[in-house]
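Residue numbers (our numbering): 1 to 424.
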Ligand code: HEM
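Written as structure tokens, this is what we have:
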């Protein structure tokens, strides 16, 4: 019997040459297919979302079905090493989002392959990789490790402790964030694994979270694990400059970038499912079936926060989630939500939860991710109130958290965050 890797090796060589010659390999041609520019096999589709651009992809991009979110702690002591990593990540991200391997495949079979090959043959699946810098890259434990403290944007604050937070340190924070989204979970996971491998000795994974958001074939807004349409009310494209992208108020490397808040939110699904639908609707402030605001007919009808019933009570209750999140209740501010449901099985740690929550089965909920121009007037402003007053709080617990400055997009010949590393 021959070496099990022999055929892979031969394929690699062939596709290596073809890939660089720009010659298309037909879909289904085996391991080499992913390596070709126009590979189209796999479940996620052949659409490529370009990595390079004015803004990073994966922020206002129409959400893909899957995410693999990871944060990293930097362990290198020199800034040059981080720059080296950003250059390697830029190259790898550009390649992987085109459906290629993270690095050209190594032709010497006595050496590691250069890319483990677990996504060979799969299509680009709309992969996006969105990078962010956490407070720890600027200053950590009082130390300015990379002489970057002066560059820390004012808006990149330390998130305050919110009412009800039960954050787990090992599921929070990180010096760098990578949000991989794709229509194929294997493509997203492969991308993060390859970035992690390229980071050896420079950065190590701190926490990861997978998520999913399946879209109904009808094109309707996806439903979250509570069975409600989630993602109805978000800023429109013409409002992105106002609410999502950092403008001239930020350092130049952040202009065109955005701040990302991530929260891992566990939902007590058994508790939720045991209450009446009316109660659920009062909690959210929308109808479960249609997604319309209470008192209205259609999903995209505007919330009427002033409407009252015959007894003078608000139709959308004061403690309803959407009332507390609405722009009208928050000085007009909006955030761009890009959440995914998560399911971590039934890994239940009884002692962490108060007695009335014990006996829950699923460790599942929402990987809440949102982007905004300034977290102080965005997530922090909205959530400070929500954390105290939201009726939804009886069903949810925030266990993970992070805030990251996602720099502007990467131009041709540039690397991720170049403006930051060259500013100091
Ligand atoms: C497990 C936790 C959460 C669940 C299940 C959830 C669910 C929902 C649902 C069903 C809607 C209505 C549909 C829509 O407009 O998308 C909504 C709206 C909204 N949520 Fe959440 N959400 C959660 C956490 C949060 C958090 C932490 C924030 C933080 C700020 C937030 C902010 C908002 C905002 C701003 C809206 C739009 C309100 C409007 O203008 O109509 N949500 N959420």
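Heads up, the beta-carbon is just placed ideally off N, CA and C, and yes, glycines get one too.
Which of helix, strand or coil DSSP assigns to residue i
i, result
"residue 62", "coil"
"residue 31", "In this predicted model, residue 31 has a pLDDT of only 35, less than 50, meaning its place in the structure is not dependable enough to derive any value."
"residue 136", "helix"
"residue 382", "helix"
"residue 420", "helix"
"residue 210", "strand"
"residue 236", "coil"
"residue 404", "strand"
"residue 223", "strand"
"residue 151", "helix"
"residue 172", "strand"
"residue 242", "helix"
"residue 229", "strand"
"residue 252", "helix"
"residue 412", "coil"
"residue 56", "coil"
"residue 143", "strand"
"residue 179", "strand"
"residue 10", "Note that residue 10 scores 33 on pLDDT, short of 50, meaning its location in the model is unreliable and no value can be drawn from it."
"residue 191", "helix"
"residue 377", "coil"
"residue 279", "helix"
"residue 273", "helix"
"residue 392", "helix"
"residue 167", "coil"
"residue 199", "coil"
"residue 387", "helix"
Residue i, buried or exposed, once every other Cβ within 10 Å from all chains shown has been counted against 16
i, result
"residue 178", "buried"
"residue 15", "Reliability of the predicted coordinates at residue 15 is poor, the pLDDT of 38 falling under 50, and no value is obtained from them."
"residue 175", "buried"
"residue 133", "buried"
"residue 258", "buried"
"residue 405", "buried"
"residue 237", "exposed"
"residue 318", "exposed"
"residue 142", "exposed"
"residue 373", "buried"
"residue 270", "exposed"
"residue 422", "exposed"
"residue 298", "exposed"
"residue 300", "exposed"
"residue 247", "exposed"
"residue 273", "exposed"
"residue 302", "exposed"
"residue 31", "Any answer about residue 31 is weak, because its pLDDT of 35 lies below 50 and its placement is not dependable; what the coordinates show is given next. Answer is buried; the Cβ neighbour count reaches 16."
"residue 194", "buried"
"residue 286", "buried"
"residue 452", "The structure shown has nothing for residue 452, since the chain only spans 1 to 424."
"residue 416", "buried"
"residue 72", "buried"
"residue 184", "buried"
"residue 54", "exposed"
"residue 228", "buried"
"residue 279", "exposed"
"residue 166", "exposed"
"residue 390", "buried"
"residue 275", "exposed"
"residue 230", "buried"
"residue 410", "buried"
"residue 217", "exposed"
"residue 293", "buried"
Beta-bridge partners of residue i, as assigned by DSSP
i, result
"residue 91", "In the DSSP output, where bridge partners are listed per residue, residue 91 has none listed."
"residue 366", "265 and 341"
"residue 398", "265"
"residue 260", "371 and 404"
"residue 204", "73"
"residue 67", "181 and 211"
Cutoff 8 Å: residue i Cβ touching any chain D Cβ
i, result
"residue 413", "Among the protein chains of the structure shown there is no chain D, as only one such chain exists."
In the stretch 283 to 346, which residue ranges form an unbroken alpha helix (DSSP H) of at least 4 residues, counting only runs that do not cross its ends?
321 to 325
Jot down the residue ranges of each uninterrupted alpha helix (DSSP H) in the stretch 69 to 130, minimum 4 residues, whole runs only, in chain order.
79 to 97
Taking contact to mean at least 3 C-beta pairs separated by less than 8 Å, is the stretch 406 to 419 in contact with the stretch 242 to 259?
yes
Is there contact here, the stretch 340 to 347 with the stretch 312 to 327, by at least three beta-carbon pairs under 8 Å?
no
Can you find at least 3 beta carbon pairs, one from the stretch 75 to 82 and one from the stretch 145 to 152, that sit closer than 8 Å?
yes
Three or more C-beta pairs closer than 8 Å, one from the stretch 151 to 165 and one from the stretch 122 to 129: is that the case here?
no
Does the contact criterion of 3 or more C-beta pairs under 8 Å hold for the stretch 93 to 104 versus the stretch 43 to 58?
yes
Is the stretch 54 to 73 touching the stretch 210 to 219 in the sense that three or more CB pairs, one from each, lie closer than 8 Å?
yes
Touch test, the stretch 327 to 341 against the stretch 366 to 386, Cβ-Cβ under 8 Å, three pairs minimum:
yes
Can at least three beta-carbon pairs, one atom from the stretch 363 to 370 and one from the stretch 81 to 97, be found at a separation below 8 Å?
no
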